[in-house]
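Visitor: Below you will find the structure I want to go over with you.
2 protein chains.
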Amino acid sequence: MIIDCHGHYTTAPAALQAYRQSQIDGLKDPSHVAHPADLSVISDDQIRESVEGAQLKFQRERGTDLTIFSPRASAMGPHVGNETTSLNWSRACNDMIHRVCTLYPENFVGVCQLPQSPGVAPENSAAELERCVNELGFIGCNLNPDPSGGHWTSPPLTDRHWYKFYEKMVELDVPAMVHVSGSCHPAFHTTGAYYLNADTTAFMQFLLSDLFKDFPTLRVIIPHGGGAVPFHWGRFRGLAQDMKRPPLEELLLNNVFFDTCVYHLPGIELLLKVIPADNVLFGSEMVGAVRGIDPRTGHHYDDTKRYLDALPLSEADRHKIFHGNALKVYPRLAGRVAG
Amino acid sequence: MIIDCHGHYTTAPAALQAYRQSQIDGLKDPSHVAHPADLSVISDDQIRESVEGAQLKFQRERGTDLTIFSPRASAMGPHVGNETTSLNWSRACNDMIHRVCTLYPENFVGVCQLPQSPGVAPENSAAELERCVNELGFIGCNLNPDPSGGHWTSPPLTDRHWYKFYEKMVELDVPAMVHVSGSCHPAFHTTGAYYLNADTTAFMQFLLSDLFKDFPTLRVIIPHGGGAVPFHWGRFRGLAQDMKRPPLEELLLNNVFFDTCVYHLPGIELLLKVIPADNVLFGSEMVGAVRGIDPRTGHHYDDTKRYLDALPLSEADRHKIFHGNALKVYPRLAGRVAG
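For the record, the sequence lines run as chains A and B. Numbering follows the working numbering, in which position 183 of the first sequence is assigned residue number 179; successive positions increment by one, without gaps. Numbering follows the working numbering, in which position 53 of the second sequence is assigned residue number 49; successive positions increment by one, without gaps.
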């Protein structure tokens, strides 16, 4: 069974975005009262339609089985409104993921959006995480290191600011994918700069800290192949060494994992050359940042399975990347999937 | 002749930093008057000593010849004080580079720091660029896309905000290396995140714009191997395609160049696999961000020539990367170096 650790519900029915728009419009109205979404307006058939021609079609065509599925990352927008805005929106998005997972339990398993809000304590997201894991059967979360949308107003991920939330993750035994949302900063294009920068930034924060001494079982996935990290693996090894930090393997690699959302063969080849197979999880971000077909290959840029298939990996490594590592990083998958 | 396009004067005599400290201390004093540096306190012997055991030693050991040399990037600190602070500091740093280049005309050629300051028009740096090029024989500049030191308060590099400065670059026929300074933002480690993020950010800004239609002869070098760009070349190709932009070769590659400051063989191998040899300039950033010896190879991480030497490049490509491209990108080198 091939598990794709990185999929977002980018094709949700328009009514979900209409609710979001009503939230945003409401914020301009002084008499605005935040109200939860009524998702009963969205039928199961609309949900089926939203994935049948997209994620499910690609799963079938590409030969993948189960997608670890979360709300659309660029639309999380935690900087919009306040904590209540974020909570209502996150619940709506997570409930939609739950409906997809309920309709297609063989194809999707949920990871939740967190109701983060700039300046609000991360542990305020613990209740929604708990709801998603305990009531909806989700297996992880997307943790946004920068709820401000590009201004990076939160302390580094290694600051004690985040510790109470990490305690909840450890208690529930769920990992987080470190994933920013859409950029509202004019310098940073969302999918072409901000996402990759956030990945690199988070990794370097981890490198500088003893976070994983404090939380030896905390697990994080850095998406988009780790941003710039594998390409600059020598730089990071050298920086750690110059700063008298332990070797990266010892410092980080029990806790930090990378997906394979790198959209060309030479990139995936490099990733697997420098990062141990134990730390790489198959992911495609499908349907996501890049939707076109590469004229050089005749296949979708984000069909990352093809790149992996083209590499001379051992059967053991292949099994880890496509399956085993996901079970290790997301232990709650075990109930859903044969080992 | 092997030309290293990326070296900073990280080993300057202590008196230079003492002047900088006096500037910073002065800013706290309400009666502070900005005063230029008196660099006559630094002797030629002190300058010789500062490079003999460092940059010159490494040139000899590694078999490189000429370093395109600029002030220490992390110390540019354009966010400190105001425009006058930056002008005095930049002139002092550039004058020191000039002294190094005058003492060792075979080994160093100058690239200048610009007296940028947050909120100040980039064209205010044109006079210092002109002085360095016309009076001191410099061949380029380091252009900082974020003089705020991590807050990215300037418009994107493709905004008309920068155009008058680009006009001066074009008039003088000098390129810019896009290089931020030290981070004063707690999220971003200077050499482990901020530098790489800036490289990726700048590239994506170029991808989105028609800057090089407006300035067909403008040339920029993106350092540190282009940040995350080559590793994600498929992503960038796909993003451009989805946005109906021209292919990257046509859109950017007459104007955008990458150095080889990537500190391990697999990274350099990837760089040369995806970026045409016409767009890659040998660089080491020596003595710079990573100073240690890689225990896996027994050589300095930043000895990037060794990685290139290990690749099966054609003689023609090797000549371009080590020599020819530098002459193309920095035409003012021609007076200094045989073609």
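Positions of the beta carbon are idealized from the N, C-alpha and C atoms, including for glycine.
Taking 7 Å as the CB-CB limit, is GLN112(A) close to chain B?
Guide: Residue numbering aside, residue 112(A) sits at position 116 when the first sequence is read from its first letter. For GLN112(A), the answer is no, since every Cβ of chain B falls outside 7 Å of its Cβ.
Visitor: Only counting the same chain, and skipping five residues up and downstream in sequence, which positions put a Cβ closer than 7 Å to that of ILE20(A)?
Guide: Along the first sequence, one-based indexing puts residue 20(A) at 24. Correct list, in chain order: VAL76.
Visitor: Below 7 Å on C-beta distance, what does THR196(B) contact in chain A?
Guide: Taking the first residue of the second sequence as 1, we reach residue 196(B) at position 200. Those within 7 Å of THR196(B) in chain A are ALA189, LEU192, ASN193, ALA224.
Visitor: Can you pull out the residues from the segment 164 to 186 of chain A whose beta carbon lies closer than 8 Å to at least one beta carbon of chain B?
Guide: Flagged, chain order: HIS181, PRO182, ALA183, PHE184, HIS185.
Visitor: Which residue from GLY234(B), GLY230(B), ALA330(B), GLU163(B) puts its Cα closest to that of GLU119(B)?
Guide: Here residue 119(B) is taken as the residue at index 123 of the second sequence, counted from 1. The option with the nearest alpha carbon to GLU119(B) is GLU163(B).
Visitor: Apart from the five residues on each side of it in sequence, which residues of its chain come closer than 7 Å, Cβ to Cβ, to PHE161(A)?
Guide: Translated into the one-based positions of the first sequence, residue 161(A) becomes position 165. Closer than 7 Å at Cβ, skipping near neighbours: PRO118, GLU119, SER121, ALA122.
Visitor: Between the alpha carbons of HIS28(B) and THR7(A), how many angstroms are there, rounded?
Guide: Position 32 of the second sequence holds residue 28(B). Position 11 of the first sequence holds residue 7(A). If I take the Cα positions, the gap works out to 60 Å.
Visitor: Examine the Cβ distances between the segment 53 to 62 of chain A and the segment 102 to 110 of chain A and report whether three or more of them are shorter than 8 Å.
Guide: In short, these stretches touch, since the Cβ pair count reaches three.
Visitor: Report the neighbours of GLY221(A) on chain B: residues whose CB is nearer than 8 Å to its CB, in chain order.
Guide: As a position in the first sequence, residue 221(A) is number 225, starting the count at 1. The contacting residues are PHE227, HIS228.
Visitor: Which residues in chain A sit within 9 Å of GLY263(B), going by Cβ to Cβ distance?
Guide: Here residue 263(B) is taken as the residue at index 267 of the second sequence, counted from 1. Chain A residues near GLY263(B): PRO226, PHE227, HIS228, TRP229, GLY230, ARG231, LEU266, VAL270.
Visitor: Please determine if the segment 248 to 256 of chain A and the segment 276 to 296 of chain A are in contact, where contact requires at least 3 C-beta pairs separated by less than 8 Å.
Guide: Short answer: they touch.
Visitor: Cα separation between ILE(-1)(A) and ARG314(B)?
Guide: As a working note, residue -1(A) is residue 3 in the first sequence. As a working note, residue 314(B) is residue 318 in the second sequence. Between ILE(-1)(A) and ARG314(B), the C-alpha separation is close to 42 Å.
Visitor: Residues in the segment 233 to 256 of chain A with C-beta within 8 Å of chain B's C-beta atoms, listed in sequence order?
Guide: Result list: ARG233, GLY234, LEU235, GLN237, ASP238.
Visitor: Can you check whether the C-beta of TYR259(B) is within less than 7 Å of a C-beta belonging to chain A?
Guide: Start at 1 with the first residue of the second sequence, and residue 259(B) comes out as number 263. Output row for TYR259(B): interface = yes.
Visitor: For the beta strand (DSSP E) that MET173(B) lies in, which residues bound it at each end?
Guide: Residue mapping note: residue 173(B) aligns to position 177 of the second sequence, counting from 1. Here the beta strand (DSSP E) through MET173(B) covers 172 to 174.
Visitor: Less than 8 Å between the CB atoms is what I'm expecting for ALA224(A) and THR196(B), so what's the real figure, rounded?
Guide: Your numbering for residue 224(A) matches position 228 in the first sequence. Your numbering for residue 196(B) matches position 200 in the second sequence. Right, their Cβ atoms sit about 7 Å apart.
Visitor: Entirely within the segment 153 to 189 of chain B and at least 4 residues each: give me those alpha helix (DSSP H) ranges in chain order.
Guide: The segment 153 to 189 of chain B contains these whole alpha helix (DSSP H) runs: 159 to 168.
Visitor: Assign LYS301(B) to buried or exposed, taking buried as 16 or more other Cβ atoms, counted over all protein chains shown, within 10 Å of its Cβ.
Guide: Residue numbering aside, residue 301(B) sits at position 305 when the second sequence is read from its first letter. Label assigned to LYS301(B): buried.
Visitor: For the segment 139 to 149 of chain A and the segment 171 to 184 of chain A, state whether three or more C-beta atom pairs, one from each stretch, are separated by less than 8 Å.
Guide: With the cut-off at 8 Å, the segment 139 to 149 of chain A and the segment 171 to 184 of chain A touch.
Visitor: Quick check on DSSP: helix, strand or coil for PHE211(B)?
Guide: Along the second sequence, one-based indexing puts residue 211(B) at 215. Of the three classes helix, strand and coil, the one that applies to PHE211(B) here is coil, per DSSP.
Visitor: Starting from GLN109(A), follow its DSSP beta bridges and name the residues at the other end.
Guide: The sequence position of residue 109(A) within the first sequence is 113, counting from 1. GLN109(A) is bridged to ASN138(A).
Visitor: With three or more C-beta pairs closer than 8 Å as the rule, is the segment 324 to 332 of chain A touching the segment 280 to 294 of chain B?
Guide: Contact between the segment 280 to 294 of chain B and the segment 324 to 332 of chain A is absent, because fewer than three Cβ pairs lie under 8 Å.
Visitor: Give the secondary structure of HIS220(B) by DSSP, where H, G and I count as helix, E and B as strand, and everything else as coil.
Guide: Along the second sequence, read from residue 1 onward, the residue named residue 220(B) stands at position 224. The answer is helix: DSSP assigns HIS220(B) an H, G or I state.
Visitor: Helix, strand or coil: how does DSSP classify CYS257(B) here?
Guide: Your numbering for residue 257(B) matches position 261 in the second sequence. In the structure shown, CYS257(B) sits in coil (DSSP, three-state: anything other than H, G, I, E or B).
Visitor: Just to confirm before moving on: does the CB-CB distance between LEU137(B) and LEU110(B) stay below 7 Å?
Guide: Residue numbering aside, residue 137(B) sits at position 141 when the second sequence is read from its first letter. Residue numbering aside, residue 110(B) sits at position 114 when the second sequence is read from its first letter. Reading the sequence as shown, one finds Cys at residue 137(B) and not Leu. Yes, these two residues count as a Cβ contact at 7 Å.
Visitor: Between LEU249(A) and the rest of its own chain, which residues show a CB-CB distance below 6 Å, the 5 nearest in sequence each way excluded?
Guide: The residue labelled residue 249(A) in the question sits at position 253 within the first sequence. Excluding positions up to five away in sequence, the list reads ASN275.
Visitor: With PHE227(A) and PHE227(B) assumed to form a contact (beta carbons below 8 Å), what rounded beta-carbon distance in angstroms separates them?
Guide: The residue labelled residue 227(A) in the question sits at position 231 within the first sequence. The residue labelled residue 227(B) in the question sits at position 231 within the second sequence. About 4 Å separates the two Cβ atoms, so the contact holds.
Visitor: Examine chain B for any beta-carbon lying closer than 7 Å to the beta-carbon of ARG287(A), and answer yes or no.
Guide: As a working mapping, residue 287(A) is identified with position 291 in the first sequence. Answer yes: the Cβ-Cβ gap between ARG287(A) and chain B drops below 7 Å somewhere.
Visitor: When we look at the beta-carbon of HIS31(A) and count the other beta-carbons within 10 Å, is it buried (16 or more) or exposed?
Guide: On the first sequence, residue 31(A) is found 35 positions in, with the first residue counted as 1. HIS31(A) is exposed by the Cβ-count criterion.
Visitor: With a 10 Å radius around its C-beta and 16 neighbouring C-beta atoms as the bar for buried, classify GLU281(A) as buried or exposed.
Guide: Translated into the one-based positions of the first sequence, residue 281(A) becomes position 285. Buried, by the Cβ-count rule.
Visitor: Less than 8 Å between the CB atoms is what I'm expecting for GLY221(A) and GLY263(A), so what's the real figure, rounded?
Guide: Indexing the first sequence from 1 puts residue 221(A) at position 225. Indexing the first sequence from 1 puts residue 263(A) at position 267. Contact flag correct, Cβ pair sits at about 7 Å.
Visitor: Quick check: what's the CA-CA separation for SER113(A) versus SER66(A)?
Guide: Locating residue 113(A) in the first sequence gives position 117, where the first residue counts as 1. Locating residue 66(A) in the first sequence gives position 70, where the first residue counts as 1. Each residue's Cα considered, the two are about 18 Å apart.
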